[in-house]
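Peer 1: Heads up: the sequence shown is residues 76 to 280, going by our numbering.
After the structure tokens below, expect a handful of questions from me.
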Amino acid sequence: MSIKLAVLVSGRGSNLEAILEAIDSGHLRASVEIVISNKSGVGALAIAKRHGVRSSVIESAPVKRVEHERLVVAELAKNDIDYVVLAGYMRVLSPEFLSHFKDAAGFYKIINIHPSMLPAFPGKDAYGDAFAAGVSTSGITVHLVDEHVDHGPILAQREFPRHPQDTLDTFKQRGLAVEHDLFPAVLEEIATRSLASLVKEQVRK
Ligand code: GRF
Numbered sequence: 076m077s078i079k080l081a082v083l084v085s086g087r088g089s090n091l092e093a094i095l096e097a098i099d100s101g102h103l104r105a106s107v108e109i110v111i112s113n114k115s116g117v118g119a120l121a122i123a124k125r126h127g128v129r130s131s132v133i134e135s136a137p138v139k140r141v142e143h144e145r146l147v148v149a150e151l152a153k154n155d156i157d158y159v160v161l162a163g164y165m166r167v168l169s170p171e172f173l174s175h176f177k178d179a180a181g182f183y184k185i186i187n188i189h190p191s192m193l194p195a196f197p198g199k200d201a202y203g204d205a206f207a208a209g210v211s212t213s214g215i216t217v218h219l220v221d222e223h224v225d226h227g228p229i230l231a232q233r234e235f236p237r238h239p240q241d242t243l244d245t246f247k248q249r250g251l252a253v254e255h256d257l258f259p260a261v262l263e264e265i266a267t268r269s270l271a272s273l274v275k276e277q278v279r280k
């Protein structure tokens, strides 16, 4: 089955690009119906345009969170979508927002990628925090979103090493390459199986 995605972004868009490239190359049976950014002029919007994907900017500043979320939910409702994908979306979603995307098993159909082995290093600067902590191994987590930040049922995790000569930049580059491989692979699993079965087993990648 092919799945219909909405991708929420705030910045560079390299994960969006990886998803779109996986779709184009036939590795991911999905379509991106809409990209929604809470900031104008970001790289992700240019990537959507290049791939002929519709996008919408719904500025999060200076409106109140509840109003911003209402607008995003309304935009999503105009589209026929199966899952909401957070690809560098730097906003915390309220329980009210989540309630619009609950599946029959009680999971929210919202998927996030986070650049650490959760529950280690939640938060905005996971690469920086893991690097500063001197880890010898870090990783990437793809998970379903719940009411807490960088928390929720884990779908897949993949480790990557920190090398002794790494700078924060080379460490991030190694992690990003893992993100770009893992995120489309997990979405492809979602196209073939229920969220409940994936949560139970996690994707073995
Ligand atoms: C990625 O590191 C992702 O894991 C995190 O935010 C970053 C977004 O990067 N949630 P990009 O916009 O996909 O390039």
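Yeah, the Cβ is synthetic: ideal placement off N, Cα and C, and Gly gets one too.
All values reported here derive from a predicted model rather than from experimental measurement.
1) Could you compute how far the alpha carbon of isoleucine 78 sits from the alpha carbon of serine 135?
2) Let's see if you can read the secondary structure: which residues bound the alpha helix (DSSP H) around glutamine 248?
3) Going residue by residue through the segment 140 to 208, where are the continuous beta strand (DSSP E) segments of at least 3 residues, counting only ones entirely within it?
4) Our contact map puts alanine 81 next to asparagine 154 with C-beta atoms below 8 Å; I'd like the distance itself, whole angstroms only.
5) Whole-angstrom Cβ separation of threonine 267 and proline 236, contact assumed at under 8 Å?
6) Going by C-alpha to C-alpha distance, which of Ser106, Met76, Val84, His226 sits closest to glycine 198?
7) Considering only the alpha carbon of each residue, which of Asp221, Val159, Leu146 lies closest to proline 170?
8) Got a sec? Which residues, its chain only, sit under 7 Å from lysine 280 by beta carbon, not counting five neighbours each side?
9) For valine 148, tell me which candidate among Asp200, Phe176, Ile229 has the shortest Cα-Cα distance.
Peer 2: From the atom records:
1) 27 Å
2) 243 to 267
3) 158 to 161, 185 to 189
4) 6 Å
5) About 30 Å separates the two Cβ atoms, so there is no contact after all.
6) His226
7) Asp221
8) Caution applies to lysine 280, whose pLDDT of 46 falls short of 50 and renders its modelled position unreliable; the model cannot decide the point.
9) Phe176
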